[in-house]
Amino acid sequence: MNNLTKTLAVILCFLSTITVYAQEKDSTSTEESKPSGQILDKIIAKVDNYIILESDLQKSYLEAISQSQQGFEAPSRCEVFESLLVNKLMLAKAEIDSVIVTDAEVVMDVNQRFNMVLQQFGGNEETLVEAYGKTAEQLKSEIHDMVKEQKTIAKMRSSIVQSMSVSPAEVREFYNKIPKDSLPFFSAEVSVGQIVKKPEPSRKEKDRVIKQLSDIKQRILDGEVDFASMAIKYSEDPGSKNQGGDLGFFRKGELAPEYEAMALSLREGEIGDPVESQFGIHLIQLLERRTDSYNTRHILIKPRPTEQDIAAAERELDSLRHLIELDSMSFAKAAKDFSEDRNTSDNGGFFSDPTTGANRLSARTLEDPILYFTIDTMQVGTISHALRYEEQNQRTGEPEKAVRLLYFKNEYPAHRANLEDDYEKLKAATKKQKESEALEDWFKIAKEEVYIDIDPAYDRCNALKEED
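Here it is, written out as structure tokens:
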């Protein structure tokens with residue numbers, strides 16, 4: 028960690044968010060049976076009631092290599108091990124310091140991640156269960172624990188490094204300390220913006236879905252069918268349809284407000300009228316109500332935009348493009364005022380590097396292949412016509428149709444790092460170094476307050492020893 032270039036690599040590497048559960052198997056149980064010929068997993072460190080498995084280290088190390096910032100050296104296994112220790116120490120200290128993450132803060136992320144995993148299996152819960160060897164509820168429970176840990180670590184980390192900023196002088200000092208022959212080499216980059224329109228289902232389409240659910244309700248009330256079988260047949264909620272629509276108990280405030288308002292207006296066993304939320308249109312039955320929680324089941328059907336709805340969105344964006352080209356409005360203002368993509372609209376429509384915040388992306392960080400190949404056919408300074416594409420719904424994890432304009436603002440040739448072209452990258456690295464130093468100071472104190480035991484094979488990393 029003394030080598031500045033190496034420090035920079037480690038800092039930038041750990042800016043990336045932990046990968047979603049879709050790429051993981053269970054890493055919480057210890058020493059599970061493995062197929063013949065494979066080494067049993069083992070505990071390599073204990074921090075109070077928390078453990079680090081050898082498989083945790085291997086997985087995190089591979090992720091760190093894949094996420095390391097282009098142009099910088101990837102972190103060593105010992106450095107990754109140290110970061111895992113710090114994370115577990117934060118969890119232990121969070122318990123001591125009463126830093127709490129509530130289930131209400133976690134539930135939406137859990138449902139989103141579960142649905143993302145489920146979509147990888149075509150929305151078929153039976154296939155998912157077969158692949159993981161666990162029930163949907165077991166998987167949700169594991170995702171819940173993982174998300175809660177991540178949010179607790181983030182809250183602890185934020186309390187340690189909050190309000191930390193860097194000055195231009197500090198960035199320059201950081202840059203000047205890197206040996207000139209060790210400056211990283213950055214590949215070619217582009218600056219790209221977008222204005223997104225998500226076609227809204229028409230009133231006619233919503234009314235069709237409401238009628239469909241109303242007809243299902245009447246058939247249930249007439250005794251022709253039961254609620255569970257209708258949920259299995261028609262519901263588009265992959266997390267509950269195979270349980271007959273049963274969501275289980277939720278505390279007040281955890282579900283969509285429109286859903287909760289309808290559910291809590293019902294008597295036990297009663298079925299409400301169809302109600303719309305951000306997820307679609309629900310037919311809800313209240314199963315049981317307690318003081319601060321309630322259990323419901325539902326049938327969810329999602330109105331979808333028609334071809335006419337999508338064509339209308341295209342016309343709207345092409346009109347906006349015409350205004351921009353006439354200089355009646357800047358692209359950035361149009362994006363802020365009209366784009367429906369929250370990730371880019373507040374940034375004037377521009378994609379930004381998640382590790383630095385700069386509006387410049389390399390081919391490595393431009394993850395959307397369709398976007399990459401579209402830009403490749405455009406000239407710098409031009410705006411595309413309205414283009415159809417599919418994106419992942421951030422709430423449900425499901426693909427949804429959208430339309431966008433793309434603006435290819437600029438391109439930057441490959442080069443050695445310098446202050447003029449790479450100030451934002453260097454600023455982010457400088458800030459992360461300051462945060463790293465603050466975390467190291469915190470670690471020196473916190474490690475004395477918590478029980479830590481490290482396997483002798485990994486004690487060579489000297490994670491608990493202070494540098495001279």
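The sequence shown begins at 28 in our numbering and counts up by one.
Here a beta-carbon is modelled for each residue, glycine too, at the ideal position from N, C-alpha and C.
Query	Result
What separation, rounded to the nearest whole angstrom, lies between the Cα atoms of residue 66 and residue 439?	With a pLDDT of only 47 at residue 66, under the threshold of 50, the placement of this residue in the model should not be trusted, and no figure is reported.
Nearest CA to the CA of residue 239: which residue from 301, 93, 105 and 452?	301
On the three-state DSSP scale, how would you describe residue 128?	coil
To the nearest angstrom, report how far apart residue 487 and residue 471 are at their CA atoms.	18 Å
Can you tell me whether residue 373 is helix, strand or coil according to DSSP?	coil
Report all residues from its chain with a CB closer than 6 Å to the CB of residue 478; omit the five preceding and five following residues, and keep chain order.	75
In this structure, does DSSP put residue 201 in helix, strand or coil?	helix
Starting from residue 347 and walking both ways along the alpha helix (DSSP H), at which residues does that stretch end?	334 to 352
Would you give the residue range spanned by the beta strand (DSSP E) that residue 278 belongs to?	273 to 278
What are the partner residues of residue 72, as DSSP defines its beta bridges?	79 and 481
Is it right to say residue 245 is buried, meaning 16 or more other beta carbons lie within 10 angstroms of its own, or is it exposed?	exposed
If you reduce the DSSP assignment to three classes, tell me which class residue 303 lands in.	strand
In three-state terms, what does DSSP make of residue 315?	strand
So, using beta-carbon positions, are residue 283 and residue 313 closer together than 8 Å?	no
How far does the beta strand (DSSP E) with residue 325 in it reach, from first residue to last?	320 to 328
Buried or exposed for residue 167, going by 16 or more other Cβ atoms inside 10 Å?	buried
Across which residues does DSSP place residue 220 in a beta bridge pair?	377 and 434
Going by beta carbon distance, what residues of the same chain come within less than 8 Å of residue 219, once the five residues before and after it are set aside?	377, 378, 388, 393, 398, 402, 433, 434, 435 and 436
Excluding the 5 residues flanking residue 170 on each side, which residues of the same chain have their C-beta closer than 7 Å to its C-beta?	48, 137, 140 and 141
Rounded to whole angstroms, how far is the Cβ of residue 91 from the Cβ of residue 102, which I believe are closer than 8 Å?	5 Å
Per the contact definition of three or more C-beta pairs closer than 8 Å, is the region 314 to 328 in contact with the region 217 to 234?	no
With DSSP run on the structure shown, which of helix, strand or coil describes residue 212?	strand
Which runs of the alpha helix (DSSP H) fall wholly inside the region 124 to 172 and span at least 4 residues, in chain order?	130 to 146 and 152 to 159
Determine, using beta-carbon pairs with one atom in the region 192 to 211 and one in the region 145 to 164, whether at least three such pairs fall under 8 Å.	no
Determine which residues share a DSSP beta bridge with residue 196 and list them.	Partner(s): none; residue 196 has no beta bridge.
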